[in-house]
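Residues 370 to 753 (my numbering) are what the sequence shown spells out, left to right. Beneath this line is the structure, given in structure tokens, with notes to follow.
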Amino acid sequence: MDTKGVRLFIGDDHEAALAASYWNVLEDGNIEPDQDPNDEFVNENILRVVKDKAEIGRQAGITIDDVERVLASAKQKLKAHREKERTRPEGDTKIVVGRNGLVIGALARTGSALAPIDADRSKACFEAASKAAAFIRAHLWVEKERILYRIYNEGRGDTKGLADDYAHLIEGLIDLYEATGEEKWAEFADELQKVQIDIFYDSISVPATTPTSPTARSSCGAFYTTPENAPHTILRLKDGMDTALPSTNAVSVSNLFRLGIMLSDEAYTALARESINAFEAEILQYPWLFPGLLSGVVTARLGGATWVIIRKDGVEDDEIATKLLRKIHSEARGGLRNIIVLRSENDALAKRSPALKELVATQKPGAYRLENGIYRPVNRADVA
Numbered sequence: 370m371d372t373k374g375v376r377l378f379i380g381d382d383h384e385a386a387l388a389a390s391y392w393n394v395l396e397d398g399n400i401e402p403d404q405d406p407n408d409e410f411v412n413e414n415i416l417r418v419v420k421d422k423a424e425i426g427r428q429a430g431i432t433i434d435d436v437e438r439v440l441a442s443a444k445q446k447l448k449a450h451r452e453k454e455r456t457r458p459e460g461d462t463k464i465v466v467g468r469n470g471l472v473i474g475a476l477a478r479t480g481s482a483l484a485p486i487d488a489d490r491s492k493a494c495f496e497a498a499s500k501a502a503a504f505i506r507a508h509l510w511v512e513k514e515r516i517l518y519r520i521y522n523e524g525r526g527d528t529k530g531l532a533d534d535y536a537h538l539i540e541g542l543i544d545l546y547e548a549t550g551e552e553k554w555a556e557f558a559d560e561l562q563k564v565q566i567d568i569f570y571d572s573i574s575v576p577a578t579t580p581t582s583p584t585a586r587s588s589c590g591a592f593y594t595t596p597e598n599a600p601h602t603i604l605r606l607k608d609g610m611d612t613a614l615p616s617t618n619a620v621s622v623s624n625l626f627r628l629g630i631m632l633s634d635e636a637y638t639a640l641a642r643e644s645i646n647a648f649e650a651e652i653l654q655y656p657w658l659f660p661g662l663l664s665g666v667v668t669a670r671l672g673g674a675t676w677v678i679i680r681k682d683g684v685e686d687d688e689i690a691t692k693l694l695r696k697i698h699s700e701a702r703g704g705l706r707n708i709i710v711l712r713s714e715n716d717a718l719a720k721r722s723p724a725l726k727e728l729v730a731t732q733k734p735g736a737y738r739l740e741n742g743i744y745r746p747v748n749r750a751d752v753a
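Laid out in structure tokens, this is it:
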């Protein structure tokens, strides 16, 4: 748009001149040549405010109120022209599993953080996260085939889930379980984790007891981005470097550690360590590109914090457990942590772990922390 266009669409010359001055509309365009390498915006203008309204008023000899009235009128006329002439871009309404996994986790953590100060908003976050997870389970997960589909857009698409879809959804489900204590989300996360390993994991092909150098192995651990039979795939890659989002393998390592501790499954923790080792050379050479996997290194070396909350149906958490959860959810996640919620010996997680089964059978409701393989009660000093 140039000054002639502004006059044409606005109509009134005085109003058009004031609007052009306010939005920096120039005869020859306001795009610098070095910002337009393909000459797409020659003699064109991108509207942007370069003067305040007081300066415009002084130059035109009118009050600020008059400036605001003229600009409001100009905006309405330009908007009407755009609504009439502009070809709207196609709307992207598809549901992508991986992105929803990220949002499920964010909503779960937000709901937990808001619980002490805004119960209604906290409940809304939990409900939205639970509905999203339930929708994916109902419409994009085919249990008989053990396949997660990636996209829903007026029906399930044909594209099967990639490794990042599994990773982000599993993480979101773990967060949702820790926030709500609903065991079904932990079980669903465990089921998806097994499938992700089956489809994407680059299993080391030699027995662990056989001495061999890494270069002699045909496989080295970690998750491929795509399945082995993916069409049009020339080379299967492993995503380890973080970008705007954490890498698939960084999230998967965290999931494996969390599920391994939660379910007392040493096979999961072994795969987490193996996945970290697969990127050992790259991490040592360019550590700043792998913050997610470096977090996994810390967990592999130092472990993480694990708390167990024992609850009874219909009974609220005691004061110490409430303060502990409030403290956990209000602090930044500086390292790996696990929150396990138990109600009885018949819980699926209790059945998987003799230590947890004994804990819930012999201890009263409250909060406990795992230290040196022993669950000890959390006391007031811990939550002060």
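A virtual CB, placed ideally from N, CA and C, is assigned to each residue, including glycine.
Counted as a single uninterrupted DSSP element, the beta strand (DSSP E) harbouring E740 occupies residues 735 to 740.
No residue range can be given for Y593, since it is assigned to no beta strand (DSSP E) and is classified by DSSP as neither H nor E. The Cβ neighbour count for T638, taken over all protein chains shown within 10 Å, is at least 16; the residue is labelled buried. In the three-state reduction of the DSSP assignment, I743 falls in the strand class. Between K681 and P734, the C-beta spacing is below 8 angstroms.
Selection G683, D608, G460, G474 evaluated against A498 yields G474 as nearest (Cα-Cα). Counting only the Cα atoms, N707 lies some 19 angstroms from V472. For the pair I486 and I697, the Cα-to-Cα distance works out to about 15 angstroms. In the three-state DSSP reduction, I379 falls in the helix class (H, G or I).
Check the Cα spacing between E714 and each of L705, E727, R702: the tightest is with E727.
Around the beta carbon of I505, a 10 Å sphere encloses 16 or more other beta carbons of the protein chains shown; the residue is thus reported as buried. Secondary structure of N399 (DSSP, three-state): coil. In this structure, I652 sits away from T675, with a CB-CB distance that is not shorter than 8 angstroms. Per the C-alpha coordinates, the member of I425, E424, A750 positioned closest to I689 is A750.
Here the region 502 to 520 lies against the region 554 to 565, with 3 or more beta-carbon pairs under 8 angstroms apart. For A674, the beta-bridge partners assigned by DSSP are R706. Using a Cβ distance threshold of 8 angstroms, A669 and T617 do not count as a contacting pair. The C-alpha of Q654 is placed about 42 angstroms away from the C-alpha of A717. A direct Cα-Cα distance of roughly 24 angstroms separates G683 from A503.
In this structure, the CA atom of A736 is about 45 angstroms from the CA atom of D461.
V677 sits away from L628, with the two beta carbons spaced by 8 angstroms or more. Of all alpha-carbon atoms in T602, Q445, L694, V465, the one lying nearest the alpha-carbon of G526 is that of V465.
Fewer than three Cβ pairs drawn from the region 658 to 666 and the region 431 to 447 lie within less than 8 angstroms of each other, which leaves the two stretches out of contact. Within the same chain, V710 come within 6 angstroms of G550 by CB-CB distance, once the 5 residues on both sides are set aside.
N624 is classed as buried because its beta carbon has at least 16 other beta carbons within 10 Å across all chains shown.
Close CB contacts of L483 within its chain, under the 6 angstroms cut and outside five residues either way in sequence, are with R490, S491 (chain order). DSSP places Y637 in the uninterrupted alpha helix (DSSP H) bounded by 635 to 647. Distance between V394 and S481, taken at the CA atoms: about 49 angstroms. Under the three-state reduction of DSSP, I464 is assigned to strand. For K720, same chain residues with a beta-carbon under 7 angstroms away, outside a window of 5 residues either side, are K726 in chain order. Residue pairing from DSSP places W510 in a beta bridge opposite L517. Between D611 and T594, the C-beta spacing is not below 8 angstroms. In summary, P615 is buried, with 16 or more beta-carbon neighbours lying within 10 Å of its beta-carbon over all protein chains present. A straight line joining the alpha-carbon of F648 with that of L671 spans about 19 angstroms. The three-state secondary structure of R627, taken from DSSP, is helix. The continuous stretches of alpha helix (DSSP H) do not include Y655, and DSSP gives it neither H nor E.
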